[in-house]
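Participant: According to this note's numbering, the sequence shown is numbered sequentially starting from 1.
Before anything else, here's the structure in question.
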Amino acid sequence: MWFYILSLSWAMAFSHQIAAPEPLPLTIEKAVQIALEKNPSIQMLNQEIESARAQTLMATAWPEAEAGFSTEGLGLSKVARKNETEYSLGLAQPFPFPGKLKLQNEIGKYYELESRLRLEKEKIILSSEVKEAYYQCLLNQNKEETLQRNQEWLKEIERNALSLYALGKVPYTDVIRLRLEIARTKNDWLEVKRELLSSFYRLNLLLGLENGTKLKLLSPLQHLPRPELTEIQLEKAREISPTLQLAAMKKRRSELQIRLAEKDRWPDFSLGLFSPSHRVGAIGFSFNLSYPLFSRRKLKGEKLLAQAEWEKALVSVQATERFYQVRKKEALDQVLQAEQQVKIFEENLLTEMDAALKKALSDYQLGKIDSLNLLDLYRSSAQVELEYYRALYLYLSALAELERAGEDYE
């Protein structure tokens, strides 16, 4: 009996061990790499490239050949029925007017290139979003650890207050104040834990991982050096920008579509060969034109549409360039401003508050200050630390925003 109980316990423990896999260790670089491999939007844009290639193949294919059977000499009267009926079997191949398929192929190639540029654009945007989500998780993680540490610190002060109260050195209201502060800090801690869970869910979603995948963040929330962006570097970034290239490519494609609309005025034709039934070894030849005699409205509509697309593309190029310049400058200004906020904390505020809090705790134990002054200083110190983490997050997020600035034009 004991053997079965032990076996069952061991099996349950083993199954629990399997059901709780180790958290996935994740640096910020690894997070970006996983997102570029597994995010559904990237996978769909990869398929868009294949779709564009397929559309090009279909648009540039020769028209289908036509096999035909005809009969001649069917009599509608007694006299006509005396004539011998002749049958013909033939094959006809339509041909587009020379130059049309070449233009279709060039237009199709532009569609393929546009699909590739949309993919590159999405990669830049996704990488930036993953970094922001990663930094958000780090922010909430640091806040959660800070509030957890503050709870332990407050409990230590509470024990000191109880000892001082027992000696009659402080009133019991000091203990009550500390317990209220502990409760408030615990509520803040629970709220941050909820935000931390939500931020991890968002990061999982961007990475394309299953919901609930546990992650172990390895990159710290720290002050990274700001990239020096000179005018030459900004101009180089502008030249390789997928968004600007995409706008220019749409303009060039619309120019080809205008040429194709003009080319459609020229007739397509077909060549055919047929074999008559009464003349063995003889062949016939046919030539047909497909002229838009009664479809002038269609030709006019195609030309107007192509012209409208070109004008729209021209406006888009100008708007995209303006948007790119403004967004880059705005994002760079945000980085500079966020960095100044981080420096305010790092230069003196953090060290000053830490030293002041340690001195206040020592003074409280010696009875030099009361609990109200100690708690006021504690709240200020805790607020400074949390605001420092927030300033770091805003700075790092501004750096991530700078990477995609200008690429988010729709």
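Using N, Cα and C, we set each Cβ at its ideal position, and we do this for glycine too.
If you're wondering where the values come from, they're calculated on a predicted model, not measured in any experiment.
1. Taking 6 angstroms as the limit between beta carbons, can you name the residues of its chain near Ala133, skipping five residues before and five after?
2. Is it buried or exposed, Tyr291, if we count other Cβ atoms within 10 angstroms and call 16 or more buried?
3. Specify the secondary structure class of Pro40 as computed by DSSP and reduced to three states.
4. On the criterion of 16 or more Cβ atoms from any shown chain inside 10 Å, does Arg297 qualify as buried, or is it exposed?
5. Which residues mark the beginning and the end of the alpha helix (DSSP H) in which Tyr134 is found?
6. Under three-state DSSP, which class holds Asn211?
7. Assign Leu271 to one of three DSSP states: helix, strand, or coil.
8. With a cut-off of 8 angstroms on the beta carbons, I'd call Tyr388 and Ala338 a contact; round off their distance for me.
9. Grab me the residues of Glu255's own chain with a C-beta within less than 8 angstroms of its C-beta, minus the 5 sequence neighbours each way, in chain order.
10. Where Trp153 and Lys121 are concerned, what is the direct C-alpha to C-alpha distance, given to the nearest angstrom?
11. Could you give the residue range of the beta strand (DSSP E) that holds Arg95?
12. Output the boundary residues of the beta strand (DSSP E) element that contains Gly284.
13. Relative to the alpha-carbon of Ser241, which residue among Val317, Gln257 and Ala54 has its alpha-carbon at the smallest distance?
14. Out of curiosity, what's the CA-to-CA distance linking Ser15 and Met353?
15. What do you get for Met58, buried or exposed, if any count of 16 or more other CB atoms within 10 angstroms of its CB means buried?
16. At the level of alpha carbons, what is the spacing between Ala319 and Arg238?
17. DSSP beta-bridge partners for Pro276?
18. From Leu271 to Ala65, what does the alpha carbon distance come to, in whole angstroms?
19. Pick from Pro96, Ala356 and Phe345: whose alpha carbon is nearest that of Asn288?
20. Using alpha carbons as the reference points, say which of Lys123, Gln104, Tyr87 and Thr56 lies closest to Asn39.
21. When burial is assigned at 16 or more other CB atoms within 10 Å of the CB, is Phe345 buried or exposed?
22. Closest to Leu293 by C-alpha separation, out of Leu305, Leu273 and Asp268, would be which residue?
23. Can you tell me whether DSSP reads Leu8 as helix, strand or coil?
24. Which residue from Glu347, Ile369, Arg322 and Tyr378 puts its Cα closest to that of Glu410?
Facilitator: Quick answer:
1. The sequence position of residue 133 within the sequence shown is 133, counting from 1. Residues Arg202, Leu203 and Leu206 of the same chain have their beta carbon placed closer than 6 angstroms to that of Ala133, with the five preceding and five following residues left out of the count.
2. Walking along the sequence shown from the start, residue 291 turns up at place 291. The residue in question, Tyr291, is exposed, as its Cβ has fewer than 16 Cβ neighbours within 10 Å.
3. By 1-based counting over the sequence shown, the position of residue 40 is 40. Helix, per DSSP.
4. Residue 297 sits at position 297 when you count from the first residue of the sequence shown. So Arg297 counts as exposed.
5. Position 134 of the sequence shown, counted from the start, is the residue given in the question as residue 134. Counting along the chain, the alpha helix (DSSP H) containing Tyr134 begins and ends at Lys100 to Ala166.
6. By 1-based counting over the sequence shown, the position of residue 211 is 211. Correct three-state label for Asn211: coil.
7. Against the sequence shown, residue 271 aligns to sequence position 271. Strand.
8. As a position in the sequence shown, residue 388 is number 388, starting the count at 1. As a position in the sequence shown, residue 338 is number 338, starting the count at 1. With a Cβ gap of about 12 angstroms, Tyr388 and Ala338 do not count as contacting.
9. By 1-based counting over the sequence shown, the position of residue 255 is 255. Scanning its chain for C-beta atoms nearer than 8 angstroms, with the 5 sequence neighbours on each side dropped, one finds around Glu255 the residues Trp310, in chain order.
10. Residue numbering aside, residue 153 sits at position 153 when the sequence shown is read from its first letter. Residue numbering aside, residue 121 sits at position 121 when the sequence shown is read from its first letter. Trp153 and Lys121: Cα-Cα distance of roughly 48 angstroms.
11. The sequence position of residue 95 within the sequence shown is 95, counting from 1. Just to set this straight, residue 95 is Phe in the shown sequence, not Arg. Glu86 to Phe95 is the span of the beta strand (DSSP E), which, as asked, contains Phe95.
12. Counted from its first residue, the sequence shown places residue 284 at position 284. Boundaries of the beta strand (DSSP E) harbouring Gly284: Gly284 to Ser290, taken from the DSSP string.
13. Along the sequence shown, read from residue 1 onward, the residue named residue 241 stands at position 241. Among Val317, Gln257 and Ala54, the Cα nearest to that of Ser241 is on Val317.
14. By 1-based counting over the sequence shown, the position of residue 15 is 15. By 1-based counting over the sequence shown, the position of residue 353 is 353. In this prediction, Ser15 scores a pLDDT of 46, lower than 50, which makes its location untrustworthy; the coordinate-derived value is nonetheless stated afterwards. Taking C-alpha positions only, Ser15 is separated from Met353 by approximately 49 angstroms.
15. Numbered from 1 along the sequence shown, position 58 holds the residue referred to as residue 58. Met58 comes out exposed.
16. Residue numbering aside, residue 319 sits at position 319 when the sequence shown is read from its first letter. Residue numbering aside, residue 238 sits at position 238 when the sequence shown is read from its first letter. Computed Cα separation, rounded: 14 angstroms.
17. The residue labelled residue 276 in the question sits at position 276 within the sequence shown. Per DSSP, Ser88.
18. Position 271 of the sequence shown holds residue 271. Position 65 of the sequence shown holds residue 65. For Leu271 and Ala65, the gap between their C-alpha atoms comes out near 10 angstroms.
19. To locate residue 288, count along the sequence shown from 1; it is residue 288. That would be Pro96, whose Cα lies nearest to the Cα of Asn288.
20. What you label residue 39 is simply residue 39 of the sequence shown in a count that begins at 1. Nearest C-alpha to Asn39 among Lys123, Gln104, Tyr87 and Thr56: Lys123.
21. Your numbering for residue 345 matches position 345 in the sequence shown. Buried is the call here.
22. Here residue 293 refers to the residue found at position 293 of the sequence shown. Nearest C-alpha to Leu293: Asp268.
23. As a first step, residue 8 must be located in the sequence shown, where it is residue number 8. Unreliable positioning characterises Leu8 in this predicted model, as indicated by a pLDDT of 48, which lies under 50. The coordinate reading is nonetheless provided below. Note: Leu8 maps to helix in three-state DSSP.
24. Position 410 of the sequence shown, counting from 1, holds the residue named residue 410. The shortest C-alpha separation from Glu410 is found at Arg322.
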